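**Q** Here it is, the structure, as structure tokens.
Protein chains: 6
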Amino acid sequence: MLLNTQFVETPLTYNGQQLQAHWIYKTWGIKGNALVAFIGPADVALESMVDQEDVLKKAPIYSPKMVHFIGEWFIDSLNEGILLQHLFTSELYESLWEAGVTGLSKRGNDIYHQGRKASVSIATRSGVSVLMHTAVNVETEGTPIPTSGLSQMGVEPVAFAKALLERFRCQSEVWASARVKVSPRL
Amino acid sequence: MLLNTQFVETPLTYNGQQLQAHWIYKTWGIKGNALVAFIGPADVALESMVDQEDVLKKAPIYSPKMVHFIGEWFIDSLNEGILLQHLFTSELYESLWEAGVTGLSKRGNDIYHQGRKASVSIATRSGVSVLMHTAVNVETEGTPIPTSGLSQMGVEPVAFAKALLERFRCQSEVWASARVKVSPRL
Amino acid sequence: MLLNTQFVETPLTYNGQQLQAHWIYKTWGIKGNALVAFIGPADVALESMVDQEDVLKKAPIYSPKMVHFIGEWFIDSLNEGILLQHLFTSELYESLWEAGVTGLSKRGNDIYHQGRKASVSIATRSGVSVLMHTAVNVETEGTPIPTSGLSQMGVEPVAFAKALLERFRCQSEVWASARVKVSPRL
Amino acid sequence: MLLNTQFVETPLTYNGQQLQAHWIYKTWGIKGNALVAFIGPADVALESMVDQEDVLKKAPIYSPKMVHFIGEWFIDSLNEGILLQHLFTSELYESLWEAGVTGLSKRGNDIYHQGRKASVSIATRSGVSVLMHTAVNVETEGTPIPTSGLSQMGVEPVAFAKALLERFRCQSEVWASARVKVSPRL
Amino acid sequence: MLLNTQFVETPLTYNGQQLQAHWIYKTWGIKGNALVAFIGPADVALESMVDQEDVLKKAPIYSPKMVHFIGEWFIDSLNEGILLQHLFTSELYESLWEAGVTGLSKRGNDIYHQGRKASVSIATRSGVSVLMHTAVNVETEGTPIPTSGLSQMGVEPVAFAKALLERFRCQSEVWASARVKVSPRL
Amino acid sequence: MLLNTQFVETPLTYNGQQLQAHWIYKTWGIKGNALVAFIGPADVALESMVDQEDVLKKAPIYSPKMVHFIGEWFIDSLNEGILLQHLFTSELYESLWEAGVTGLSKRGNDIYHQGRKASVSIATRSGVSVLMHTAVNVETEGTPIPTSGLSQMGVEPVAFAKALLERFRCQSEVWASARVKVSPRL
């Protein structure tokens, strides 16, 4: 469960095309399990969305500025991928608490600040891997629903993203280590 | 990933024997994936421990009073079980933040309060299931290392345990739901 | 292995497009593992068939009126999906016996009545789920091979379909329960 | 999913010890996935039972004469094993219908004749395989609950067992074949 | 892990289209796990390649004459498929040593003769199976990098291919047999 | 599939007790997937053997001096473990060829030198891992069947073992890398 991480300085719009097998490898040259972060708008048309619930509700994703995290794990189990996605959301949420932000809450994998939605998250499978996109708002002007973001929370996005990448990489090592140290039970 | 939960009013000492396949079913009559909580001492001799790292370090577990959580999921994958364990630790940690406790930190699956260890957690496999024990101190007198607990945090253990059981049950439903709503990617 | 079932009153032609991930959810709003039944013709062109054996034999599927069952289970294992498909065919076959029909036989997953083929069945994988189509003839006029159907058997299709949905839902609960009650062996 | 089958002429008491990894191989020299049948009493003490539900109910198994089927599949998935167990029960049940027996019904994996229980069935895992025991009464004198058997049904046990072994072997080939002929869906 | 093998006498160009689910079945009528060999050029354009490393390096595959091996296993695990691919490469490599060829070496899954590359190999997943293409040069005129082949090694390709098919089929039986004869350990 | 390797200088008798979960970790402090080598006699009584075929044949293992390799991979799939075992045997076999030894042959996972057995190999599962023991004779005095060893081949055992550990570690990285670079096929 070794994980390679990288913060990409170039601003980039997330439009759903980044949630593809080997996008990280083909774009940034990082091979293997990987988690990259970048900053930019989110603008995902209905036809590029994998969340069929949102497609049914006709709820496209828009935000003027988010910190985006794209993860790819080369495993076969979507169940495991879903759990990794939610572990990432938890680490993100906990990082905000530890940064001193108040008025936070979490429902499922959605993070709220002062009752307004601050994040989006999805995980799915490709034919060779499990893919995740999780993002937290920086700015919120023009979002289709009431939202909050790192600006309102007083959190600087670049340092936050870098620290979260490192935190999740360390936690991934802990999970791998937890796997190998336990004896079985009857 | 349906999960049955129950708070057991009877005080009980955790001595490692509770981490067995069907302990929950045979003791409390709850069938299927289950998470139960009870309050009592922790007293685990080296020969009853599954954490081989602690066995090598000769670090038995003792606490005069903890809230214990025993989980059993009838799945084949230990990897998935390890991730569920860490999701539970995250929900526990977040519950403390949301309760207004300060001075919290987390390293791997260990929760600290004011720099002192507040929790223990382990997950392993039986031949038919994945098993978890996670516990947070209530009192800390006589523990072998510096520890903190819910008393020091000002958190009432029974209400805390009941709320956490319900929170984790709801999150389990969210994860199950996340599994079924996404279309695949190429 | 919880299963949601529904009998759809609207007549519908099965043309192979119904064997798609989330077709049940997007068409009928049923989320999760699901089994739906409807009545209508079967008309599957070669290019919409998943059975490569039939494609090689150039054997398209046609029937003027069938009871169709579409199942989707959000699991990763095609082996498990194939076994679920055959369990469904068995329950269908047994329902006919219990209804007093005579002259029945079964070869693989094909049900025969008085030596004439009465059913079709296939299971495959999408990127996120296992999919099944099983159908039993009601009328048989114009079928490319000698067939029999519920009309010839004297079985009323709507009541039959509803009872079979409920029967399979109950059996699914039994299988889930069988998984969680057994202790392992050496 | 190749399956080796054998009818063992020697009478044998089933006492639970037969449900062990490699019992078939070590006793009858049959290597690999295997299904063997033999005739004899069933006498399983509580401490040899794997069904924890029956253990809790203190319901040991006794029958003066049954046709026993022991199956072992060298697969890792208990879910798949449970489904194979229920497919076997279905084939057994259908064989009785096809033999002309009337008054049959099935609940879960239990077969009833004229409202009286005629069979037992369990599946579990060893460390290297999935194991099944399914048996149908021949005689019923002295059973702890009202039961029926092949004698009451007018079915000759040896021929019945041999035909069922062959039937299940053929069906196993069909399932293996179903796995390899389907193209995937999106 | 039963494997059907066949040497196809007709010369054929490998252009990447042969690495598709059911190509063996639809082209040669061989159903199930299969390994076929044929002789002909390799000419794979970048857009038909599955190796993203080679795509990034813009390294298309060309050889005037190779012995090609296409394998398809109907399993769900890509990890297992990758290991099967490397076992095949090992058997190929060992066959050359046993044939008396000298100056051989192996790096990863690439075989070298007198320091020049003699083989290519790739494995991937379809939605229902794991697919492999492995090939060894016969002639080497016009290859984009320094290569060697069976001609330079003095190995007759048809007999070599037939013997390797049979060798791998036998080894597959040994692996299946190794799976079923071992008792588990604590 | 990261692998930690170590050559243990202390001579040690292999008696079957080394094939246990966490034996490497508890004895040599190496955590995670690991492969260790040591030199010493092999003396495995029937009751400590996992190969049920040898147990049936009453064929205990004895050799006065072997190079032993014990591997442990923390994976759930025994199938994958069996393939890793055979990949190790292949690398061992190829190392001998590359060292200039002649008169070698391989049947299944047994290596022969001048028609005499030179190696033993077994893989099985614990509740948390897959375990392997593979060993090649150094001396052969007193073995129950005709054998050959590294002495007869003119191969120095310590350097051979160290090179093979490193070779297999490198190959493990190649397999991990092969898993992550391929795009899926339809």
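Protein chains in written order, with our numbering: chain A, -9 to 176; chain B, -9 to 176; chain C, -9 to 176; chain D, -9 to 176; chain E, -9 to 176; chain F, -9 to 176. Glycine is no exception: its CB is placed at the ideal position from the N, C-alpha and C atoms. This structure is a prediction, so every number in the text was calculated from the model and none was measured.
Within the segment 32 to 84 of chain D, note down every full alpha helix (DSSP H) run reaching 4 residues or more, in order along the chain.
**A** Within the segment 32 to 84 of chain D, the complete alpha helix (DSSP H) runs of at least 4 residues are 42 to 46.
**Q** For chain F, find out if any of its Cβ atoms is closer than 8 Å to the Cβ of S67(B); answer yes or no.
**A** Within the second sequence, the letter at position 77 stands for residue 67(B). Chain F, which has a Cβ nearer than 8 Å to the Cβ of S67(B), makes this yes.
**Q** Less than 6 Å between C-beta atoms, sequence neighbours within five positions excluded: which residues of the same chain meet that for Y4(F)?
**A** Here residue 4(F) refers to the residue found at position 14 when the sixth sequence is read from its first residue. Result list for Y4(F): A32, H58, in chain order.
**Q** For my contact list, Q75(A) and A113(A) are in at a C-beta cut-off of 8 Å; report their separation, rounded to the angstrom.
**A** Reading the first sequence from its first residue, position 85 is the one you call residue 75(A). Reading the first sequence from its first residue, position 123 is the one you call residue 113(A). 4 Å between Cβ atoms; contact.
**Q** I'd like to know whether the C-beta atoms of K152(E) and F28(E) end up nearer to each other than 8 Å.
**A** Along the fifth sequence, one-based indexing puts residue 152(E) at 162. Along the fifth sequence, one-based indexing puts residue 28(E) at 38. Going by C-beta atoms, K152(E) is not nearer than 8 Å to F28(E).
**Q** Does L(-8)(F) come out as helix, strand or coil in the three-state DSSP assignment?
**A** Sequence index remark: in the sixth sequence, residue -8(F) carries index 2 (1-based). If DSSP states are grouped into helix, strand and coil, L(-8)(F) belongs with coil.
**Q** Relative to the C-alpha of E81(C), which candidate in I72(D), N99(D), F64(D), E37(D) has its C-alpha closest?
**A** Residue numbering aside, residue 81(C) sits at position 91 when the third sequence is read from its first letter. Comparing Cα positions, the closest option is N99(D).
**Q** Using beta-carbon positions only, say whether S53(A) and V118(F) come within less than 8 Å of one another.
**A** Position 63 of the first sequence, counted from the first residue, corresponds to residue 53(A). Position 128 of the sixth sequence, counted from the first residue, corresponds to residue 118(F). Contact flag unset, no.
**Q** Pull up the distance between the alpha-carbon of D41(C) and that of L176(B), whole angstroms please.
**A** On the third sequence, position 51 is the one that residue 41(C) refers to. On the second sequence, position 186 is the one that residue 176(B) refers to. The alpha-carbon atoms of D41(C) and L176(B) are separated by roughly 22 Å.
**Q** Return the chain-ordered list of same chain residues with a C-beta closer than 6 Å to the C-beta of I65(C), the five sequence neighbours on each side being excluded.
**A** Sequence index remark: in the third sequence, residue 65(C) carries index 75 (1-based). Excluding positions up to five away in sequence, the list reads V120.
**Q** CB-CB under 7 Å to G6(A), same chain, minus the five flanking residues each way: which ones, in chain order?
**A** As a working mapping, residue 6(A) is identified with position 16 in the first sequence. Contacts found: V34, S38, M39.
**Q** Whole angstroms are fine: how far does the CA of V170(A) sit from the CA of I14(F)?
**A** By one-based count along the sixth sequence, residue 14(F) stands at place 24. By one-based count along the first sequence, residue 170(A) stands at place 180. Looking at the two C-alpha atoms, the distance is approximately 12 Å.
**Q** Which same chain residues, not among the five before or five after T130(E), have their C-beta less than 6 Å away from its C-beta?
**A** As a first step, residue 130(E) is located in the fifth sequence; it is residue number 140 there, counting from the start. The residues are T137, G139.
**Q** DSSP puts H103(E) in a beta bridge; with which residues?
**A** Residue numbering aside, residue 103(E) sits at position 113 when the fifth sequence is read from its first letter. Bridge partners of H103(E): L94(E), R106(E).
**Q** Within 8 Å (strictly less), CB to CB, does S177(A) reach chain B?
**A** The structure shown does not extend to residue 177(A), since chain A spans only -9 to 176, so no value can be given for it.
**Q** Please report the residue range of the beta strand (DSSP E) in which V163(F) lies.
**A** Working through the sixth sequence from its first residue, we reach residue 163(F) at position 173. Per the sequence shown, residue 163(F) should be read as Glu rather than Val. Taken as a continuous stretch (DSSP letters only), E163(F) belongs to no beta strand (DSSP E), being part of the alpha helix (DSSP H) at 147 to 170.
**Q** For L155(D), count the other beta carbons within 10 Å of its own beta carbon; 16 or more makes it buried, fewer makes it exposed. Which is it?
**A** Counting from one through the fourth sequence, the residue named residue 155(D) turns up at place 165. Buried, by the Cβ-count rule.
**Q** With 16 other CB atoms within 10 Å as the buried threshold, where does R115(B) fall?
**A** Walking along the second sequence from the start, residue 115(B) turns up at place 125. Counting Cβ neighbours within 10 Å, R115(B) comes out buried, since at least 16 surround it.
**Q** Quick one, which of L(-8)(A), R157(A), L2(A) has its alpha-carbon nearest K96(B)'s?
**A** As a working mapping, residue 96(B) is identified with position 106 in the second sequence. Per the Cα distances, R157(A).
**Q** DSSP on L25(B), reduced to helix/strand/coil?
**A** Sequence index remark: in the second sequence, residue 25(B) carries index 35 (1-based). In the structure shown, L25(B) sits in a strand (DSSP, three-state: E or B).
**Q** State the DSSP-derived secondary structure class of E129(A), mapped to helix, strand or coil.
**A** Numbered from its first residue, the first sequence carries residue 129(A) at position 139. Of the three classes helix, strand and coil, the one that applies to E129(A) here is strand, per DSSP.
**Q** Let me make sure I understand the geometry here. Which of A166(F), L46(F), I60(F), L94(F) has the alpha-carbon closest to that of G30(F)?
**A** Start at 1 with the first residue of the sixth sequence, and residue 30(F) comes out as number 40. Residue I60(F) is the option with its Cα nearest to G30(F).
**Q** Between the Cα of L(-7)(B) and those of E(-1)(B), L9(B), L25(B), spot the shortest distance and give me the residue it belongs to.
**A** The sequence position of residue -7(B) within the second sequence is 3, counting from 1. L(-7)(B) has its Cα closest to that of L25(B), out of E(-1)(B), L9(B), L25(B).
**Q** Please list, in chain order, the chain D residues whose beta carbon lies closer than 7 Å to that of Q42(F).
**A** Translated into the one-based positions of the sixth sequence, residue 42(F) becomes position 52. Per Cβ cutoff of 7 Å: H12, Y15, K16.
**Q** Quick check on I14(B): does DSSP put it in helix, strand or coil?
**A** The residue given as residue 14(B) occupies position 24 in the second sequence. Helix, per DSSP.
**Q** DSSP state of L176(F), grouped into three classes?
**A** In the sixth sequence, counting from the first residue as 1, residue 176(F) sits at position 186. L176(F) falls in the coil class under three-state DSSP.
**Q** Starting from the beta carbon of K96(E), find every residue of chain F whose beta carbon is closer than 7 Å, and list them in chain order.
**A** The residue labelled residue 96(E) in the question sits at position 106 within the fifth sequence. Under the 7 Å cutoff, chain F gives E84.
**Q** Counting only C-beta atoms, is V45(D) closer than 8 Å to chain E at any point?
**A** Stepping through the fourth sequence from its first residue, residue 45(D) is reached at position 55. Closer than 8 Å: no.
**Q** Quick one: which residues of the segment 112 to 130 of chain F get their C-beta closer than 9 Å to a C-beta of chain A? List them in chain order.
**A** Listed in sequence order: S116, G117, V118, S119.
**Q** What's the gap between the Cα of A108(A) and the Cα of S141(A)?
**A** Locating residue 108(A) in the first sequence gives position 118, where the first residue counts as 1. Locating residue 141(A) in the first sequence gives position 151, where the first residue counts as 1. Approximately 11 Å between the Cα atoms of the pair.
**Q** Do you know offhand how far A168(B)'s Cα is from S111(A)'s?
**A** Taking the first residue of the second sequence as position 1, residue 168(B) is located at position 178. Taking the first residue of the first sequence as position 1, residue 111(A) is located at position 121. Going from the Cα of A168(B) to the Cα of S111(A) covers about 10 Å.
**Q** Just to confirm my understanding: we take T133(E), look at its own chain, exclude 5 residues before and 5 after, and list those with CB closer than 7 Å. What are they?
**A** By 1-based counting over the fifth sequence, the position of residue 133(E) is 143. Same-chain partners within the cutoff: Y52, S53.
**Q** Should H103(C) and G93(C) be called a contact, given that it needs their Cβ atoms to be closer than 8 Å?
**A** Position 113 of the third sequence holds residue 103(C). Position 103 of the third sequence holds residue 93(C). For H103(C) and G93(C), yes; Cβs fall inside 8 Å.
**Q** Please return the same chain residues whose Cβ sits closer than 7 Å to the Cβ of P147(E), not counting the five positions on each side in sequence.
**A** Here residue 147(E) refers to the residue found at position 157 of the fifth sequence. Hits under 7 Å: I29, V57, V128, L140.
**Q** Can you check which of these residues, T(-5)(C), V45(C), E62(C), is closest to H12(C) by C-alpha distance?
**A** Within the third sequence, residue 12(C) is the residue found at index 22, counting from 1. When only C-alpha atoms are compared, the closest one is E62(C).
**Q** Are the C-beta atoms of R169(F) and some chain A residue less than 8 Å apart?
**A** For the purposes of this step, residue 169(F) is taken as the residue at position 179 of the sixth sequence. Yes, its Cβ sits closer than 8 Å to a Cβ of chain A.
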